Amino acid sequence: MSDASDVTRSMEATGAVAASYAARRRRARPSGWWGVSLLICTEAALFGTMIASYFYLQAQVPEWPPPGVDKPIVTWPLVLTGVLLATSVPLFLAARAAKRGRTRATWLMLALALLVQCAYIGGQALLFVDDYNKSHPTENAYTSIYFTLVGLHAAHVIVGMALIAFLLVRLLSGLTNYRLVGVRVVALYWYFVNLIAVPVVLTQVSPSL
Amino acid sequence: MSVGRAVAGRPADPRRGRWRRVAPLASAVLVALLAGCGPLSPLDPQSEPARRISVLWWVMLAVAGVVFAGACVMLVAGWIRRREWGLPVLGERPRLLDGSVVAFGIVIPVITLVALFAWANVGIVQETDSPPPDAGMKIEVTGSQWWWQVRYPGTPAVTANEIHIPARTPVTIVTEAEDVIHSFWIPRLNRKVDSLPGHANRVELFAERPGVYRGSCAEFCGQQHARMGVSVRADPPERFRAWLASMSAPRPAPATPLARRGEQVFMSKQCASCHTIRGTPARGEVGPDLTHLKTRATLAALTIPNRRGYLAGWVVDPQAVKEGAKMPALDLTGPELQALLEYLESLR
Amino acid sequence: MTTTTAPPRAAQRRLDRLERIWEEPSGLVGWLTTVDHKRIGILYFFTSLAFFVAGGIEALLIRTQLLGPNGTVVSPELYNQLMTMHGVTMIFLAVIPMQIGAFGNYLLPLMIGARDMAFPRLNAFSYWVFLVSGIFIYTSMAVGAAPNAGWFDYVPLGSRQFSPGPGIDFYTLGLIFTGISTTASAINFIVTIFKLRAPGMSLNRMPLFCYAILAVSFALVFALPSLSTALIFLELDRALGMHFFDVGFGGDPVMWQHLFWFFGHPEVYIIILPAFGIATAIIPTFAERKMVAFALVALAEILVAFIGFGVWAHHMFTVGLPTVSQTYFAAASMMVVIPSAIQLFAWITTIATGKPRFETPLLFIIGFIVLFMIGGLTGVMTAAIPFDQQAHDTYFIVAHFHYVIFGAAVFPVLGGIYYWFPKVTGRMYNERVGKVSFWVTFAGMNLTFFPMHIVGLLGMPRRVYSYPGDVGWSTLNLIETLGAYLLAAGLLTIVANLLVSYRRGARAGNDPFGGDTLEWSVSSPPPSYNFPVIPKVSSPYAMWDRKDREDDEQRLAEGELVLEEGHETPSSTVLDADWDEILDMPSKSWAPVVLAVVLGLVFAMMLLQHYVTALGFAALAGLVLAAWNWKEPQVA
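Protein chains in written order, with the working numbering: chain F, 152 to 360; chain W, -8 to 339; chain V, 2 to 637.
Now the structure itself:
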């Protein structure tokens, strides 16, 4: 068992250099990482049950979408999803910069990711309005599950954007161990949101594939 | 070698669990005594599927009793030998104890469960499973809040809550629900099937003997789930055919002036908007078909006897009989009520 | 039993410093802002106890109504609300919060040698959300609109068309709300077990109670979302007119059942797993020997949780699923018996081969074993599809699940309350009254629930507000009702015993029973900082490793692993518990209780269908969350 001398008091790392040292010195993943991973498990289960419900409802009826509802468009949802997936890169770079104690680079990468995500959510909003004008969510089971699934994912994106905005504000006062772990776990959350976007969008467009 | 630790000065408790066995065992005896007592008991089977399930139950009870007794014996042994380590035979060697856990916790349960699975879920289930769609005589039973509509496809016959079938004939009940999920269950004849909106389930009824077999709704369906009885009356086939023929006919024309007046009351008050009486303009589909009301033994889904006094109460104040029932209280004068009753009582 | 000698001067100074660092203020503010897992455990205890009493009153009203045929004690509508609220209360607001929130929170850090949970403020938040969501659900009763469609609320009955009032909305929103609390707790437990074990407590040296908590937490993480999906769908149908479950619009009411039971079956293992943990804590202590087949028992606890996810449709054998699916689910349901059988046999063997002291806590555990056997055996019977198709929705099933819930979850809780009462309060309960309370409760329990097997096999369906007098159910129902009153008397005896003992019981030392886990190494009640030194651990029976405990005292004097420079606890690697960091834990905070209240407002607005206002409160919640995270622990 190691003794007190080679174990860090990581919470005392209130500057970028100290925080970076604590991050590199740490052997196991921090508590926050595990916490967000488990949160991801619950959210994955939520999306899993919703996607399963989509296909369950599809199996109950002969025609899907039911008559009177347009088949979903394919191109724009896939393109937008690609854009979203791409934001994983600046987020990864932000987490790496934070671990290296480079506060400014972290901030810039996060801001870049947020900017692209704004474009994404703007595009999604336009598609949503377009869908809404074609069919109302309360028409039938198909529209119900379609809008709910897409809406659930959008809600996760918006929450993620709020998390990044929060980090951007906090990082203006410098990097601490707490904020470094924060950057890592927000990036982790985003990897999940981006990853889950793939089955969600494939489900969303599946009748047209 | 002792695997535990001694604690000084702790007196053992003189009371222990020998009597714990008594209450459940006594009740098991009670089960045996009470079996077959009660018109709704699945343990009083009157058909082959119900009988096979009943036998399954008794065997499972016996095996469970043995397992339970064995565990209690061990606990009692633990009490008797509480001042010594280990047990006879098992001793206290960790390897042997671990092995016994594997034997009694894994091996023996697996063997027992596989046997049970084969018997019940591969064997008996073939007898109790839904009959195929093309099987013989069908009766359509539709569950509503809180009554059962009974139709005989291929005939105009419609009734409510009391199903007639020919004895010693396989009959397929095809059941759906009009509103919420119900469950159709005649315990002495077969297992239950849920009545779902939009999806038909089937169960076979084969009454070995003529008789009345009571049942009930078996899925909570709202306020009056407790008062949604159903019954099956098995008659010798000729008697059944006569019954079906009479049920297929329109209502007997009212014979007395009072009854004719009653029919007018029926048509002028809201009754016709919910009830059908074949042979009259009344074509309501919300409540039970009343064409041959008087052939039924009960009213309100086996809640009250079908006798004049009860019928009066049911018509005048349904909420007092079955709170929440969808039938509104009618605003009838005394003479109107008497006429209506006379009419309804004539609907044989 | 440890003897407490006065520590030398240097050690005493350290203890004083720890006390100053960790002590929280008393009074209302102290409790509202607490992040101490022990205080949170106590809050959970009393709150879930209050809900247990509410559920018990509902049960007594139910039983009184069913005392004789055609009862008129309550109206059909009120009865249906009572039976629904009884189920919802007991499962979501009593049994699970008691085991996880009270026992889990209080004991877990103590058993793993930590000073608090991994996320202390999240822990407090879990409690406050539990309280607020429970109040939210019970508001339904206060306005006479409690949910009335049963605790599993099948559709279409639960849809707006057939349940037009706000009752079911209280149900859907209330349970989503409560789910936030339970999810947060589950995550907290897993991270605590992974990261905060005392250095040296590798996973194979972790007590079995902790394995049970780990298993139940993972089960919660993966099961609750299915319920959330079902509830979200139902609320969208009810409030916004969507059609997930409407047959005429392509929806399917059976989908509700799949989603509900995919959660619902793991839920019942969630109900009993912590109780298994309590049993595995009490048995070695009173049998005075280590648990037989420790590794198998630990594995079995995890397997129960895991296999429990594959059996859900055995609640749906009468729905008309394809035969091949039913056969699969029956097979899986039989498989899940095996881990329980392993544990049962191990427990019985441990007691039988030890030198058992039949004191009150062990009596409750033996009662649990007997009752769990009965409940488990009837459960096996229901895995026989044809039999289940007769017994389903009858009182046979009511008997089965009360034997496993009351017998297999509540009995260990009662035993655990007795067992840890001296630790939490510093006083001993009265042993003789304890034994009386066990026998009365045990007798009452069996008298109430055993006849239900019989009356179910005589055809009595579930959820009936009354029954006719000519079907042979009357005598048995009378016995059940009398049994319920006896059971209530037994439970009241327990309460009386503990209340009086709290005032006048003999002072308890650190370790009145010869316990095997670390909570018995500290004072009763434990100090605010739990451990003067982070304990050295060599086995799952840390208290029985006398050398290690003596080493602890030595290390206190030398200042090794005292961690007195702040609000500190060590953090270790996941598998081998190598010491990795020193964490500075948060101290008191207003954010958890404020956030819980704001969330309550969000849900209240959604209930009233004021969605814009709800969104506004949600934004406010976001701000509170930001404020929460603004204050980083090192500043605290």
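For each residue, glycine too, the CB sits at the ideal point set by N, CA and C. All of these numbers come straight from a predicted model, not from anything done at the bench.
For the alpha helix (DSSP H) assignment, the uninterrupted runs of no fewer than 4 residues enclosed by the segment 292 to 349 of chain V are, from N- to C-terminal side, 295 to 308 and 324 to 336. Between threonine 319(V) and glutamine 390(V), the alpha-carbon positions lie close to 6 Å from each other. In chain W, no part has a C-beta under 7 Å from the C-beta of histidine 266(V); the shortest such distance is about 18 Å. Under the Cβ criterion of 9 Å, lysine 317(W) is not counted among the residues facing chain V. Close to chain V, meaning a Cβ-Cβ distance shorter than 7 Å, are the following residues of the segment 76 to 107 of chain W: Trp76, Gly77, Leu78, Leu81, Glu83, Leu88, Asp89, Ser91, Val92, Phe95, Gly96, Ile97, Pro100, Val101, Leu104 and Leu107.
One Cα belongs to glutamate 633(V), the other to asparagine 328(F), and the distance between them is close to 9 Å. Secondary structure in the segment 240 to 292 of chain W: the alpha helix (DSSP H) runs of 4 residues or longer, each lying completely within the stretch, are 248 to 259 and 262 to 265 in chain order. DSSP places glycine 206(W) in the strand class (E or B) of the three-state scheme. Judged by beta-carbon spacing, alanine 292(F) lies within the 9 Å limit of proline 217(F), meaning their Cβ atoms are closer than that value. Within 8 Å of the CB of glutamate 78(V), the CB atoms of chain W belong to Gln214, Glu314 and Gly315, in sequence order along the chain. Taking C-beta atoms as the reference points, proline 462(V) and tryptophan 176(W) count as a pair closer than 9 Å. For leucine 584(V), DSSP records a beta bridge to Thr570(V). With respect to the C-alpha of valine 223(W), the residue from Asn152(W), His283(W) and Thr247(W) having the closest C-alpha is Asn152(W). Around the beta carbon of glycine 491(V), a 10 Å sphere encloses 16 or more other beta carbons of the protein chains shown; the residue is thus reported as buried.
Per DSSP, reduced to three states, the secondary structure at valine 36(V) is coil, with no helix or strand assignment.
Contact between arginine 464(V) and histidine 216(W) holds, since their C-beta atoms are separated by about 6 Å, short of 8 Å. What leucine 235(W) touches in chain V, judged by beta-carbon distance under 8 Å, is nothing: the nearest beta carbon there is about 27 Å away. The CB of lysine 183(W) comes closer than 8 Å to the CB of Thr319, Gln390, Gln391, His393 and Asp394 in chain V, given here in chain order. Of all residues in the segment 459 to 470 of chain V, the ones placed with a Cβ closer than 8 Å to any Cβ belonging to chain W are Leu459, Gly460, Met461, Pro462, Arg463, Arg464, Val465, Tyr466, Ser467 and Tyr468, in chain order. Burial state of valine 98(W) is exposed, judged by a 10 Å Cβ sphere holding fewer than 16 other Cβ atoms.
Taken in chain order, the members of the segment 174 to 207 of chain F whose beta-carbon sits within less than 7 Å of a beta-carbon on chain V are Arg177, Arg178, Ala179, Ser182, Trp185, Gly186, Leu189, Leu190, Cys192, Thr193, Ala196, Leu197, Thr200, Met201, Ser204 and Tyr207. Scanning its chain for C-beta atoms nearer than 8 Å, with the 5 sequence neighbours on each side dropped, one finds around isoleucine 191(F) the residues Leu339, Tyr340 and Phe343, in chain order. Look at tryptophan 48(W) here: in three-state DSSP terms it is helix. Taking a Cβ-Cβ threshold of 7 Å, none of the residues of chain V is close to serine 171(F); the smallest such distance is about 15 Å.
Here glycine 249(V) is exposed, its C-beta having fewer than 16 other C-beta atoms within 10 Å. Against chain F, the CB of methionine 256(V) has a partner CB under 9 Å away; the residue lies at that interface.
Interface criterion not met: the Cβ of glutamine 13(V) is under 9 Å from no Cβ in chain W. If you check each beta-carbon in the segment 68 to 96 of chain V against every beta-carbon of chain W, the ones closer than 8 Å belong to Ser76, Pro77, Glu78 and Asn81. Alanine 109(W) has its alpha-carbon roughly 40 Å from the corresponding atom of proline 98(V). Using a 10 angstroms sphere on the CB of serine 324(F), the tally of other CB atoms stays under 16, which defines it as exposed.
Residue contact check for proline 123(W) against chain V: no CB pair falls below 9 Å. As summarised for the segment 105 to 163 of chain V, there are no continuous beta strand (DSSP E) elements at least 3 residues long confined to that stretch. The alpha-carbon separation between alanine 179(F) and proline 200(V) amounts to approximately 13 Å.
In the structure shown, glutamate 131(W) adopts extended strand secondary structure according to DSSP, grouped into three states. The segment 271 to 285 of chain F and the segment 214 to 230 of chain F touch, with no fewer than 3 CB-CB distances between them shorter than 8 Å. Under the DSSP assignment, proline 285(V) falls outside any beta strand (DSSP E), being part of the alpha helix (DSSP H) whose first and last residues are 254 to 288.
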